[in-house]
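Add 3 to a position in the sequence shown, counting from 1, and you land on the number used in the working numbering.
Ideal placement from N, C-alpha and C gives every residue a C-beta, glycine not left out.
Here the structure is laid out as structure tokens; the discussion comes afterwards.
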Amino acid sequence: MNDPSSLPGHRAYLRLVLPLTAATLSTPLLGMVDTAVVGNLGDPAVLGGTALVVVLFNTLYWLFGFLRVSTSGFAAQARGSSDMEQASAQLIRPLAVSLLLGLAFILLQKPIFSGFIALYKPDPDVARFAWQYYGIRVWGAPVTLANYAILGWLLGMAHIRQTLILQIGANMLNLVLALLFVQTLSWGAAGAAWALLIAESGSLLLGLAFVLRSPHFRLSLPGAAAALGAGGWAGMFRANADLFIRTLCLLGMINGFTAASASLGTTFLAANAILLQIHYFMAYLYDGIGNAGSLYAGQAKGSGNAALLRRTIRLTWFWTAAAALLMTLLYQAFKDALIPLFASSPEVIRSALAYSGWLTLFPAAAGAGITFYGVFTGLTETGPIRNSMLLSLAAFAAGALLFLPAWGNDGLWAAFTVFAAARSVFLLLYLPGLQKRPAAEASRF
């Protein structure tokens with residue numbers, strides 16, 4: 004791929020971006036389906052218990068999302084170097100970690116649940132239904148985390164179609180089973196949990212079948228033993244630790260933002276929650292670009308192809324700018340019609356509309372920070388990601404302390420925008436160093 008004519012162009016890049024975006028957008032639907040189906044039962048306690056546990060699992064699994072991200076980067080590098088032994092090892096190691104973490108969740112299920120209930124203090128009926136849902140879903144922890152590793156590996160190996168099938172297939176199966184168990188068989192919250200557990204287990208089995216059929220995976224006892232041996236773990240743990248810190252920073256910002264919203268009053272809390280949901284959707288749209296950049300950057304590192312890295316950076320810049328412009332225009336055009344879909348309270352809708360202008364700035368402020376996160380993870384250059392997020396969190400805290408007392412909710416959204424822009428600025432400060440490295444150093448990056 005050192006020949007300029009063989010480097011990817013816009014069409015090849017979009018062939019990755021579009022299905023990856025579709026797959027990414029399907030990710031949050033698993034918990035949303037359960038909440039929606041249970042919500043139609045008309046029992047607030049069942050809905051409240053299910054929704055609480057969905058928040059718990061979303062938080063726990065988000066913390067360990069590095070299993071997908073780092074696996075994707077290391078796998079793409081192995082593919083670029085055409086090293087089949089390394090390609091296989093880059094799945095075996097994170098799968099082992101996934102199983103150990105999942106088993107820890109199962110063994111610690113009661114302390115985790117008790118701590119969560121103590122934090123949120125729900126009514127007894129809500130807590131009872133929460134345990135029904137949680138007590139089933141927690142057994143799927145090893146399955147869910149293993150799916151992260153498999154999805155990351157398939158993405159790194161450029162098996163895009165299989166990635167899309169797994170994610171959309173799991174959502175469709177979960178929807179069908181949830182309707183059957185909850186609506187038809189009247190299993191309530193337990194039915195929703197069983198539906199998700201079966202759907203994710205089916206996804207795991209299909210994912211393993213895709214892996215075993217991949218030409219990049221070679222399973223042998225000596226190879227597996229070597230992968231699980233002492234060598235090769237240091238790089239994975241370093242990258243995963245950096246990405247874990249990055250996720251903690253994101254959670255810290257979101258929790259701080261939510262706590263500050265609550266301090267302003269119920270209406271502001273509800274209005275800001277609506278705008279945050281729209282912001283999540285925008286961020287997911289950027290993830291497709293970031294994942295494509297991760298795949299090409301990993302291949303560039305594995306093959307020692309500096310020209311491919313430079314092309315990847317240019318393509319990522321172009322499509323980040325295009326996506327930012329498109330999202331900004333669409334949001335500005337339709338926000339007055341979009342926001343009322345999230346609430347029925349006129350007061351909440353008016354408040355959300357009053358502060359909706361801040362989200363107009365989000366695509367331009369945050370875009371590069373989200374998409375180039377993919378490039379850096381593809382190179383497994385995770386130190387800059389960690390550092391930029393720590394600085395961004397500090398910028399958010401400083402902004403909130405300065406702006407919130409003076410400007411109220413406008414000040415809170417100003418601090419949020421500072422955080423979004425800081426993600427981009429602080430990460431991009433590391434980009435020139437990558438671009439300046441000569442081809443001779445490309446394999447080391």
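Collapsing the DSSP output to three states places P218 in coil. Between A195 and V40, the C-beta gap is smaller than 8 Å, which places the two residues in contact.
Here A242 has S73, T383 and T385 as same chain residues with Cβ atoms under 6 Å from its own Cβ, once five neighbours each way along the sequence are excluded. If the five residues before and after G377 are omitted, its C-beta is found closer than 6 Å to the C-beta atoms of G293, N294, G296 and S297, all from its own chain and listed in chain order.
A distance of 8 Å or more separates the beta carbons of Q302 and R18. When the Cα atoms are used, A397 and M256 turn out to be separated by approximately 9 Å. Every candidate alpha helix (DSSP H) stretch fails here, since none sits fully inside the region 290–338 while reaching 4 residues.
Across the set L200, L167 and V20, the C-alpha of L200 shows the shortest separation from the C-alpha of F60.
Distance from the CA of A424 to the CA of T319, rounded to the nearest whole angstrom, comes to 17 Å. The Cβ atoms of N412 and Y334 lie no closer than 8 Å to each other.
Taking one beta carbon from each stretch, the region 114–126 and the region 339–350 have fewer than 3 pairs nearer than 8 Å; the two do not touch. Between A78 and L94, the C-beta spacing is below 8 Å.
The beta carbons of W361 and T269 sit no closer together than 8 Å. Secondary structure remark: continuous alpha helix (DSSP H) runs of at least 4 residues inside the region 108–191, in chain order: 112–123, 127–140, 144–159 and 163–181. Counting along the chain, G83 sits inside the alpha helix (DSSP H) bounded by residues F69 to S84.
A distance of 8 Å or more separates the beta carbons of T323 and Y299. S348 sits in coil when the DSSP states are folded into three classes, being neither helix nor strand. Contact between F422 and F399 holds, with the beta-carbon distance rounding to 4 Å and staying under 8 Å. The beta carbon of L329 sits closer than 6 Å to none of the beta carbons in its chain outside the five residues before and after it. Nearest to G51 by alpha-carbon distance, out of S84, L111, D128 and F116, is D128.
Annotation: the continuous alpha helix (DSSP H) that includes S266 extends over W236 to L267.
Contact between D245 and I115 fails: their C-beta atoms lie close to 25 Å from each other, not under 8 Å.
Y376 sits in a helix when the DSSP states are folded into three classes.
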